[in-house]
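Have a look at the structure below before the remarks.
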Amino acid sequence: MAPSPTGFLHIGNVRTALFNWLFARHEGGEFKLRIENTDTSREVAEATEQIQESLRWLGLDWDGDVTFQLDRIDDCAAVARRLVEEGTAYEDDGAIRFRMPDEGVTAWDDAVRGRVEFPNQKLEDLVLVRSDGRPTYNFASPMEDVWDGITHVIRGEDHISNTPKQINIIRAVGAEVPLYAHVSHVLGADGKSLSKRHGSVTVDDFRHQGYYAPALVNFLALLGWSYDDKTTIMSRDELVERFALDRVVPSPATFDYQKLDWMNGVYLRRLSGDDYADALMRYLRETGHDWDEHLVRETVPIVQEKIERFGQYPDFAGFFFHDVHPDPALLDGREQIVEAARDELARVEPFDAEHIEAALRALAARLELSPRKAFEPIRIAVTGSKISPGLFESVELLGREETLRRLSAAVAVA
RNA sequence: GGCGCAUUCGUCUAGUGGCCUAGGACACCGCCCUCUCACGGCGGCGGCACGGGUUCGAAUCCCGUAUGCGCCUCCA
9 MAPSPTGFLH IGNVRTALFN WLFARHEGGE FKLRIENTDT SREVAEATEQ
59 IQESLRWLGL DWDGDVTFQL DRIDDCAAVA RRLVEEGTAY EDDGAIRFRM
109 PDEGVTAWDD AVRGRVEFPN QKLEDLVLVR SDGRPTYNFA SPMEDVWDGI
159 THVIRGEDHI SNTPKQINII RAVGAEVPLY AHVSHVLGAD GKSLSKRHGS
209 VTVDDFRHQG YYAPALVNFL ALLGWSYDDK TTIMSRDELV ERFALDRVVP
259 SPATFDYQKL DWMNGVYLRR LSGDDYADAL MRYLRETGHD WDEHLVRETV
309 PIVQEKIERF GQYPDFAGFF FHDVHPDPAL LDGREQIVEA ARDELARVEP
359 FDAEHIEAAL RALAARLELS PRKAFEPIRI AVTGSKISPG LFESVELLGR
409 EETLRRLSAA VAVA
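For what it's worth, my numbering labels the leading residue of the first sequence as 9, then goes sequentially.
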């Protein structure tokens, strides 16, 4: 994987990285990370570290040290000089240009697209080394592929037109041409390529919204690749075991956030309570919610099945950690129900979900209200919202004192 | 403009000449479950871009058209 350090890791690049990683792990090969920083003017200082942190979060581990394209500037220059001597390159205004063949075609068998051919006549002589001495991407990249012993280049389809140029360079230096696989782009809902030029959709964005890395990986793997006609949920190991380039489709895929949300929910619901709590705590800490860990862990059984992203937790369960101020209009003249509930809950014994439920259901029956009708104002007074985890369990967790306080407060305000 | 790549339900996809009156998943709609919201169960809506070929037979092969995207930089 060879990102340029111009910003956060983009989700489209991550999908490409994932295919590289899955392929390498499946084949027992190596997955290499190279930072393509020959364009120093566009480089962003933090980017290199952020890219690595994002890959670590996703669990895409690379082999060996990270390499930097700029480190081979001298090696590239030496090769360019040799090509000039050999006559396959020439000087032009201080730069060095590669002489592309004029006749015939340059072709390769792309692992996802089949045979691709370019008439050489259309290939322009390419600048290898700029007049300031720095190699260009189209020179440095194939040379590094050679030096790093890259056997498979899996990259985005925007590189298709670069490939014949790079193949000719590799041939000119007498090296072996790697196998190329050009995967399609990931599109946004607007149908445009999801690139840095259009909305920024970085790994960090997903992380902050509370997506679970294994779910994101599963989802991304299915963007352009499938195992069969019905399998969608696959663990990391299953993905590695099953991934194959020949099942990668060549057409672009649109990123569907709703499906990601669904899949994230599936993953979160499958977690054990402890694992869920661990991941949730990590998320809350990362996003600046300094909430009591013991209480957070106690809420897990009643929220795990209800939310599909950790990002929903603060809104959904925040009432456990801070007071609520429900809009009086929401109660809409139903404060007598809230008042009656307060009186009931004041004497429930023991104060647990089972007995709380029995008491509140009896209250609803006495008021000749359906449970649905009767519980709504109580829920609003206690949680501040019409939507919440189970009422009885929430009340138990909140405790008698705090519950009664909120019920009284709601009545007072109304 | 040139070159290249792509085109199956709204979305992700299965499909490699007959198994397809095109299968699955997400989304959507309806019903059931139900203290809200979710989960779960059941059912439904919905597609081979278009036009020509080839063939006994085409979503699958060929050609063309359309549309989208990419590249054409001393960016990567």
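By construction, the Cβ of each residue, glycine as well, lies at the ideal position given by its N, Cα and C atoms.
Because the structure is a prediction, the values reported are computed rather than measured.
Bounds of the alpha helix (DSSP H) holding phenylalanine 400 are 399–406. Pairing alanine 189 with arginine 163, the inter-Cα distance amounts to about 6 Å.
The secondary-structure analysis by DSSP pairs glycine 164 across a beta bridge with Val191. Around the beta carbon of lysine 173, 16 or more other beta carbons sit within 10 angstroms, so the residue counts as buried. Scanning the stretch 58–133 for uninterrupted beta strand (DSSP E) segments of 3 residues or longer gives 97–100, 103–106, 113–118, 122–127, listed from N- to C-terminal end.
Boundaries of the alpha helix (DSSP H) harbouring threonine 24: 19–35, taken from the DSSP string. Excluding five sequence positions before and after threonine 56, the CB atoms of its chain that fall closer than 7 Å to its own CB belong to Pro13, Ile43, given in chain order. In terms of Cβ geometry, phenylalanine 359 and arginine 408 form a close pair [threshold 9 Å]. When rounded, the separation of the alpha-carbon atoms in glycine 218 and aspartate 236 is 29 Å. Straight-line measurement puts the Cα of serine 62 at about 21 Å from the Cα of valine 191. With the rule of 3 Cβ pairs closer than 8 Å, the stretch 318–333 does not count as touching the stretch 240–251.
Between the beta-carbon of leucine 276 and that of tyrosine 220 there is about 6 Å, and that keeps the pair under the 8 Å contact cut. If the five residues before and after leucine 91 are omitted, its C-beta is found closer than 8 Å to the C-beta atoms of Ala97, Ile104, Phe106, Leu136, Ala180, Val181, all from its own chain and listed in chain order. Taking the C-beta atoms as reference points, threonine 159 is found no nearer than 9 Å to glycine 15. In the DSSP secondary-structure assignment, arginine 414 is not bridged to any residue. Val194 is the residue among Phe214, Arg278, Val194 whose C-alpha sits nearest the C-alpha of leucine 230. Take aspartate 101, set aside five residues on each side of it, and the residues of its chain with a beta-carbon closer than 7 Å to its own are Ser139, in chain order. Residue environment analysis places lysine 130 among the exposed positions, since fewer than 16 neighbouring C-beta atoms fall within 10 angstroms of its C-beta.
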